[in-house]
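Visitor: The letter at position 8 of the sequence shown is residue 8 when you use the UniProt record's numbering, and the numbering goes up by one with no holes.
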Amino acid sequence: MLVMGEVRTGLLQNSGEIPESLCQGVLGLLSGERVRISRRPIVYAVSPDQLTGVDCRLASAARARVRGVGTVLSRASVTGGRVLQGSSHIQVARAEADHRLSWSHYLARPGVVEVFGKMRVPDLADGFADSGAWNDCLDLGSVSERFMDAVQASPLLDRKAPFRSARTRLRWVAVAEEPGREGPGIRFTLGRDRVRTLRLVLPDGFTPDVVDFCEDLALHDWLLTTLLVIVERARVGTATRAEVTAKLAPAVDHLLHLWMPAARLDDGFAPLWEALERRPGFTRQWQSLVARVRDQIAINTLALLREAGGW
Numbered sequence: 001m002l003v004m005g006e007v008r009t010g011l012l013q014n015s016g017e018i019p020e021s022l023c024q025g026v027l028g029l030l031s032g033e034r035v036r037i038s039r040r041p042i043v044y045a046v047s048p049d050q051l052t053g054v055d056c057r058l059a060s061a062a063r064a065r066v067r068g069v070g071t072v073l074s075r076a077s078v079t080g081g082r083v084l085q086g087s088s089h090i091q092v093a094r095a096e097a098d099h100r101l102s103w104s105h106y107l108a109r110p111g112v113v114e115v116f117g118k119m120r121v122p123d124l125a126d127g128f129a130d131s132g133a134w135n136d137c138l139d140l141g142s143v144s145e146r147f148m149d150a151v152q153a154s155p156l157l158d159r160k161a162p163f164r165s166a167r168t169r170l171r172w173v174a175v176a177e178e179p180g181r182e183g184p185g186i187r188f189t190l191g192r193d194r195v196r197t198l199r200l201v202l203p204d205g206f207t208p209d210v211v212d213f214c215e216d217l218a219l220h221d222w223l224l225t226t227l228l229v230i231v232e233r234a235r236v237g238t239a240t241r242a243e244v245t246a247k248l249a250p251a252v253d254h255l256l257h258l259w260m261p262a263a264r265l266d267d268g269f270a271p272l273w274e275a276l277e278r279r280p281g282f283t284r285q286w287q288s289l290v291a292r293v294r295d296q297i298a299i300n301t302l303a304l305l306r307e308a309g310g311w
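The structure is reproduced here in structure tokens:
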């Protein structure tokens, strides 16, 4: 089994969080298809699945010419009316025929890309995880980006973001567990240009819950990365108290309440999140940053009270 995907995450271009009714409108990418919404523990809306037909090379660590034909499965989602994600993935399988079949065959297998000839799972997994998209290879990130851009272009959004932020990219690969190995495996790596890579070893094969896990990880990585940038821009210890507070205010208004790792995931993925909490320690770093933000705001409030003679 080999599944590959890429998640792009960024701030929804709107001055405030959008309500549930507006989520329906901005994510209605397919006419007649229903946008799914869950309200607990936080409002989460996801678009209907989208199919993109592909016939191209797949990245190979050995630089072999590997041709794949099939469909990419994509979707866009909004969390808390504030964070937008575009997500695309494929399941790679060996083609039963030695030639390309009609598109009806591939459309009947949504999200599956068939490879002609010999398929070496480690070679394709390493090629995608390490290089992502080469010039002439399948680029799942661009597919995800396209759906994000379609949502951002919605006339229902005012395109007045409350602060500047960059998108992050999580490129992930999931393979089946090798004989003799017990339990799931996970390796998360921070790369340059806001690119992260995730390698998963799954004992029970591929399920849609894997995609949910990767999107949840990408969401919380973006939250942590964005909060870190906001704190750095505040110039704590250099700028005035008022300037620091003004720079930190968007974090309080738009981000801090969104931190709920694994809240929507199947219990089977708890061990994977626990591994990430041990190293690199997402929640520890988040809590440290949140404490710093609140301490700075509290200090500024006390200073204003002293100046006003109220304390």
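The beta-carbon is built from N, C-alpha and C at its ideal position, and this holds for glycine as well.
#1: Report yes if the CB atom of Leu12 is closer than 9 Å to the CB atom of Leu157, and no otherwise.
#2: As an exercise, report each continuous alpha helix (DSSP H) stretch of at least 4 residues that is fully enclosed by the stretch 130–187, in chain order.
#3: For the structure I just gave you, are there three or more beta carbon pairs, one from the stretch 165–173 and one from the stretch 1–20, closer than 8 Å?
#4: Of all the CB atoms in chain D, is at least one closer than 9 Å to the CB of Arg294?
#5: The beta strand (DSSP E) with Gln50 in it runs from where to where?
#6: Quick one: grab the DSSP three-state call for Leu30.
#7: Rank Ile230, Val26, Pro261 and Leu256 by C-alpha distance to the C-alpha of Ala246 and give the top, closest one.
#8: For Phe282 versus Pro261, is the C-beta spacing smaller than 9 Å?
#9: Since Pro155 contacts Glu177 with CB under 8 Å, what's their CB separation in whole angstroms?
#10: Determine the extent of the beta strand (DSSP E) in which Val35 is found, giving its start and end residues.
#11: Tell me which same chain residues have a C-beta within less than 6 Å of the C-beta of Val69, skipping the five on either side of it?
#12: Identify every run of the beta strand (DSSP E) within the stretch 73–102, keeping only runs that are complete inside it and at least 3 residues long; order them along the chain.
#13: Under the assumption that Ser151 contacts Val26 (Cβ atoms under 8 Å), give the Cβ distance between them as a whole number of angstroms.
#14: Identify the continuous beta strand (DSSP E) that holds Glu114 and give its terminal residues.
#15: Taking the CB atoms as reference points, tell me whether Val211 and Leu200 lie closer together than 9 Å.
Guide: The structure says:
#1: Cβ distance < 9 Å, so Leu12 and Leu157 count as in contact.
#2: Counting only runs of 4 or more residues that sit fully inside the stretch 130–187, the alpha helix (DSSP H) segments are 140–152, in chain order.
#3: Yes: at least three Cβ pairs fall under 8 Å.
#4: The chain inventory of the structure shown lacks chain D, comprising one protein chain alone.
#5: DSSP places Gln50 inside the beta strand (DSSP E), whose first and last residues are Gln50 to Leu58.
#6: Coil.
#7: It is Ile230 whose Cα lies nearest to the Cα of Ala246.
#8: In this structure, Phe282 lies near Pro261, with their beta-carbon atoms less than 9 Å apart.
#9: Contact between Pro155 and Glu177 is absent: CB atoms are separated by about 47 Å, not below the 8 Å threshold.
#10: First-last for Val35: undefined, no H or E at that position.
#11: Correct list, in chain order: Asp55, Arg100 and Glu114.
#12: Runs of the beta strand (DSSP E) lying entirely within the stretch 73–102, each at least 3 residues long, are 83–94 in chain order.
#13: What sits at residue 151 in the sequence shown is Val, not Ser. The C-beta distance from Val151 to Val26 rounds to 5 Å, short enough to fall under 8 Å.
#14: Run containing Glu114: Val112 to Val115, per the beta strand (DSSP E) assignment.
#15: Contact: no.
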